[in-house]
Amino acid sequence: MSVSMTLALTSIDATAESNPKIYRWKDKNGHWVYSDVPQPGSKEVKLNANALTMPSVDTNILDQTDTTPTIQYTAKITSPEHEQTIRDNSGSVYVTGTIEPRFTQGLSVQLFLDGVATGPKQTNTQFALRGIDRGEHSLVMKVFNQKGTLVAQSDAHKFFLHRNTVNN
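For the sequence shown, counting from 1, position 2 maps to 2 in full-length UniProt numbering; every step adds exactly one.
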């Protein structure tokens, strides 16, 4: 069979399938029955092609993202000052910080001394550290959202702790 004959038969077959005939008749209980196969006493149903078309769907609604603005938080250690020398024989250091914009419900803060958490997450920015050894130390304050995701982190904040010693 030639290529042109194959194409012609394929197009006729596709046209026939795209416009099927529908028949209807009443069964013995008086209910309407529809089929694409004619039965004795059935009548062809004329279809309105416009009634069967569906409007296109706007797929742009699937691409929409949450329009809630993401809040950019910043964290800052305010005390002790950067590179401040603290003289305390007990090794106590009091740390305070700020979060901008204002601290909101659901946020938690954790302080790190020399890369190690000083305690569990808490809901305020005031920390009391006890028994800190003398020398140079680094503080970092991290802010977490309700899901535990890090949303802000302060710059590393260096301080020096001096403790008196008794030399014999």
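For every residue, glycine included, the Cβ atom is placed at its ideal position computed from N, Cα and C.
Could you pull out every residue in the same chain whose Cβ sits closer than 8 Å to the Cβ of residue i, ignoring the five residues on either side in sequence?
{"i": "Y73", "result": "I99, E100, P101, L107, V143, V151, A152"}
{"i": "V3", "result": "Note that V3 has pLDDT 48, beneath the 50 cutoff, so the model's placement of it is unreliable and the number below is only indicative. Taken in chain order, the list of residues that qualify is empty."}
{"i": "A117", "result": "Q110, L111"}
{"i": "L47", "result": "I22"}
Does the beta-carbon distance from residue i to residue j come in below 8 Å?
{"i": "V140", "j": "F103", "result": "no"}
{"i": "T96", "j": "T123", "result": "no"}
{"i": "G135", "j": "L161", "result": "yes"}
Among the residues of its own chain, which have a CB less than 7 Å from the CB of residue i, if the five just before and after it don't count?
{"i": "T15", "result": "At T15, the pLDDT of 46 sits below 50, so the modelled position is not reliable and the matter cannot be decided from this model."}
To which residues of the same chain is residue i closer than 6 Å at the C-beta, ignoring the five residues directly before and after it?
{"i": "S138", "result": "D114, A156, K158"}
{"i": "Q84", "result": "F159"}
Reducing DSSP to helix, strand and coil, say where residue i ends up.
{"i": "L62", "result": "helix"}
{"i": "A152", "result": "strand"}
{"i": "G91", "result": "coil"}
{"i": "E81", "result": "coil"}
{"i": "V37", "result": "coil"}
{"i": "S108", "result": "strand"}
{"i": "I99", "result": "strand"}
{"i": "G135", "result": "strand"}
Measuring only between beta-carbons, confirm whether residue i sits less than 8 Å from chain B.
{"i": "S35", "result": "Looking at the structure shown, chain B is missing, and only one protein chain is on hand."}
Exercise for the section: Could you tell me whether the region 129 to 137 touches the region 87 to 98, where touching means 3 or more Cβ pairs closer than 8 Å? Expected result: Look at the beta carbons and you see the region 129 to 137 touching the region 87 to 98: at least three pairs across the two are nearer than 8 Å.
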